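Input: a single structure, listed below in structure tokens.
Residue numbers (this note's numbering), protein chains in the order written: chain A, 113 to 732; chain B, 113 to 732.
Structure follows, in structure tokens:
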């Protein structure tokens, strides 16, 4: 027995067929699992003309070879599809336990195509799966959906991933929520809209007895898993995330000029402390929460006892949400931020794209490009949580001006003929809340990342400030001067490759045991003998596969850019520094051996990475 | 040429003799430098009956083999003597550049005995030294002293260590200030009082041309030094200290219950943010400052533009000062804290012992043990920066009630017959501002540490939260559950040994490159071939030497204890946990092979560590 992935549920919603599909083991050997394997599969299933919200798009829920093992954070799942927000590669990583439960039920992944005539949900119980009518769930918020399904299926231990009203209404940045824990959301690139377009409200898993996860050397893996958990906590960053949550980084971010403020136009936020993890800890925090076997437990559970934003015990906001609805919109009331973030979770909307789109709208209103004529009479102003609350309702229901905002920033800019340099998106995806002027590695990351502006395809800001740690640096990822452009590309590329592996295994990028240990874990699972060189090659293959997908969707080198709004020099911790993106891109293409004119990997590169089969597709 | 230390200035102040003394190279080989070498020398020079403030006590300024080399933080100096505060081993580590300058002037250390008939200062210029009249400096504050000496000696590049009025008045916790940078203070155990008792106001170094520092393999050391600097910054903690200063830890400390509040009687401080590094950064910070070749630059320079605590550009408070005058005294005004901290620096008083003694006095006043009769009519209350300002003046001048406070907490407790369990000292030294209930490793550290309660002899709290990093863990120092008592002793002991080496080399404990690199640096300097085992043995020898010194001073196992006031369970991040100190002590003595009844190292241990010559002293 080896640990390769191979057993999939294939579901055609159009005709309600459910089949068990076995995967060619060579594919799993080559593309590992998670986003790597999903990307390889999707490459064959969709093309440039596929409507992301049409029945021909394919939505994949994918686990990895470590999923469900003893390894920390190995409960994650990746959701992949052609993105309706960007029309390119879409992926969203979800923490919690759903991935582990899917494998415990006997499946390594779910491949979903077609469109159900009416709203349905997928019920998975042990080895079997069934599509069920979801008309009772229509319009329901995510947490409510989980509660209804628990009642309907008469079990508390149900693991659910579902969409909210935003997904049903095809909000372009709708997400898929796994209501187990706050961190458990497949947030970015509009995977919830794809699910909505298929009339699939939820997937629910029940298990009576856990199926064994294939592991070549279970005892060795168990030992290794312990070491990995320990090594992860041997890191000041992990301890800080545990103690103060990811929002514990707010103060440091602000001091470094990394906390985007007023839609990326200010270099610092004087009220940062009000929205920090420390303030959360001292005001609304009740307890921590965490994902499958994770020792960090960066999740927060909060309660707001009284006032306008009264909340019972509920998931609290993490860093991105705090920045999105906080500094980005100049809102300093953490209770309001927690409330707005939770509203997004309930409606099923990505807090990053949502807050950024709202910020962009306020920015346009301030410039006079939007007026009350377009906004249904609303005055769009900064520091107005009540306005944001209204807008969230309008977006989720696509009501009035909300219908425009539901399309995301890029389409809003296009509609009002705003220069692409004024809208904080890359390849159509809203830039997350780490300022590329504070860490030049992030400027390059955003410009080239496979799913548009992304802080997870390479979390180079964390490498720069030492959170990734010496055990990972032997890979070649380096901590370098944050304001240095020269020589940054290789480090960014190596981290991209490593994270492509991470999202294929699947591991959370907050867990950073020495690379050796990650390699061991994979070898003990698969029975392989990969070494550092082999792992680097696999990582590069996985990352390159996503590039191939994007090339097929029409992406070229000229899409690897940043808008000027995130490059203008600012006062603050960034000290008016701006990255030299052209230089970094040049070095990046050179390191990757990608043709700088077209952004295509050279034939030699593809051969080196055992991706020669794609040469005819891209070089003809 | 090898890099052993060997050339000392020996000064007898009683008869004003200054001699150059060469040291037996075997001593330097065995005890390295810094506190290790100083302790070995002092062991022969003082005994149980030596009055720490009498002419027979000896004050040693000691550099280490790395001092003045390219290695980061290698500008430090250690000041050692029998402590007037504790009557045992006294040491105080000072950052900045003084150590490097002393070696550049041609000396590895200064050994000072006797007492000058009138106030003098020592002027070192190149290879020569001279005692000069200091009557003009009498009563002058530290920064002023430096300014006067610069004028008198007509040079701006003077490096000075001096005492303020508190040292002259023999305040038991007077410190020695090196006014180059905020972090540059030899703070603890009253070394300033010893200097004052000798009528030595200052030491001033001028150099025209730097003497070469002996290094066996300079090119290799240079390369290694670069790697060490880089590795130090590959650490999230270093980055945090750079960005927010050491007070950047305040929020995390508070969340963990590590921020002593209201003289150790509360488990958290609701106003912590007001005194945090982030608040400093956003309010009074002007720029960072740093020590010799240090890439971290954790020092802060602040300015307060108006109000009661108006200050021109001056050193700002670090973590211990912020806690001492902040949470400890329930003062939430960071400007007041900065002002009070600076006052201590000017007067030349250790902010830890000073704030703690004041906290203890307020605690006693609240209990009715002290009344306005004893306090010159002062109402001692919490949250009163004006009161503290008054007391600082009274202490430094030993005026009225200030004369009592100038004796430190232990003597204050004795005078008013307060149980030793109510006063936060160990072996007479005030407990610094890391709560032993938050990190059980610190409970053991405080109980056994060579200079009384100390967070630097082993910074085990930083090991526990991963700031020391995986590169150091191969040594055996472990990050373990902070609330675990069992199995903690070995890790604490190993860290004590490593830090004993650090304070002998001399390196700052905020710099934590992999241990290999530190070993290399020592080998490249000395021309030795030490490996990890050898280094561990040397570290254990250095730490054990301090124990031998304390045994000679009368310390026994029963002094290795903690007062109950820091063991009472508290609400807050400590979650009412309390360490099992007896268990940890038992394991500690067992690991160290110290006799648990007497606290003496066994003969076998002393033989193993090449300290057999001391067997007759302690086992007869």
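Positions of the beta carbon are idealized from the N, C-alpha and C atoms, including for glycine. Treat the numbers as computed from the prediction; the structure is a model and nothing was measured.
For residue i, I'd like the list of residues in its chain whose CB is within less than 6 Å of its CB, leaving aside the five on either flank, ordered along the chain.
| i | result |
| --- | --- |
| residue 130/A | 123, 241 |
| residue 91/B | Absent from the structure is residue 91/B, since the part of chain B shown begins at 113 and ends at 732. |
| residue 658/A | 151, 201, 562 |
| residue 666/B | 160 |
| residue 113/A | For residue 113/A, the pLDDT reaches just 47, beneath the cut-off of 50, and the residue's location in the model is therefore unreliable, leaving the point undetermined. |
| residue 571/B | 621 |
| residue 121/B | 219, 222, 241 |
| residue 528/B | 481 |
| residue 155/B | 661 |
Taking 7 Å as the limit between beta carbons, can you name the residues of its chain near residue i, skipping five residues before and five after?
| i | result |
| --- | --- |
| residue 334/A | 182 |
| residue 319/A | 213, 216, 217, 238 |
| residue 118/A | 134, 135, 137, 140, 220 |
| residue 459/B | 253, 276, 277, 278, 504, 508 |
| residue 452/A | 437, 497, 500, 501, 504 |
| residue 491/B | 484 |
| residue 486/B | 513 |
So with CB distances below 7 Å, who are the chain B contacts of residue i?
| i | result |
| --- | --- |
| residue 579/A | 348 |
| residue 473/A | Chain B residues near residue 473/A: none, gap ~29 Å exceeds 7 Å. |
| residue 351/A | 577, 578 |
| residue 345/A | 578, 591 |
| residue 177/A | Correct list: empty, because the minimum Cβ distance to chain B is about 25 Å. |
Have a look at the DSSP bridge pairing and note the partners of residue i.
| i | result |
| --- | --- |
| residue 124/A | 129/A, 225/A |
| residue 201/A | 194/A |
| residue 173/B | 191/B, 222/B |
| residue 352/A | According to DSSP, residue 352/A bridges with nothing at all. |
| residue 541/A | 538/A |
So, are the CB atoms of residue i and residue j less than 8 Å apart?
| i | j | result |
| --- | --- | --- |
| residue 608/B | residue 569/B | yes |
| residue 736/A | residue 226/A | This structure leaves residue 736/A out entirely; chain A is present only between 113 and 732. |
| residue 431/A | residue 358/A | yes |
| residue 387/B | residue 439/B | yes |
| residue 594/A | residue 690/A | no |
| residue 566/A | residue 544/A | yes |
| residue 715/A | residue 663/A | no |
| residue 634/A | residue 617/A | yes |
| residue 396/B | residue 415/B | yes |
| residue 196/A | residue 164/A | yes |
| residue 632/A | residue 347/A | no |
| residue 145/A | residue 185/A | no |
| residue 280/A | residue 251/A | yes |
| residue 316/B | residue 261/B | yes |
| residue 356/B | residue 331/A | no |
| residue 313/B | residue 171/B | no |
What residues of chain A sit near residue i, judged by a beta carbon separation below 8 Å?
| i | result |
| --- | --- |
| residue 446/B | Here the premise fails: no neighbours, minimum Cβ distance about 12 Å. |
Run through chain B and tell me which residues come within less than 9 Å of residue i, C-beta to C-beta.
| i | result |
| --- | --- |
| residue 356/A | 363, 364, 367 |
Can you pull the chain A residues whose beta carbon is under 7 Å from the beta carbon of residue i, in chain order?
| i | result |
| --- | --- |
| residue 391/B | 385 |
| residue 382/B | 394 |
Just the chain B side, please: which residues come within less than 8 Å of residue i by C-beta, in chain order?
| i | result |
| --- | --- |
| residue 583/A | 582 |
| residue 586/A | Ordered by position in chain B, no residue passes the 8 Å Cβ test against residue 586/A, which lies about 11 Å from the chain. |
- Message: Taking beta-carbon pairs under 8 Å, can you tell me which members of the segment 618-632 of chain A lie near chain B?
- Response: 626
- Within 8 Å of chain A by C-beta, residues of the segment 394-419 of chain B in sequence order: 394
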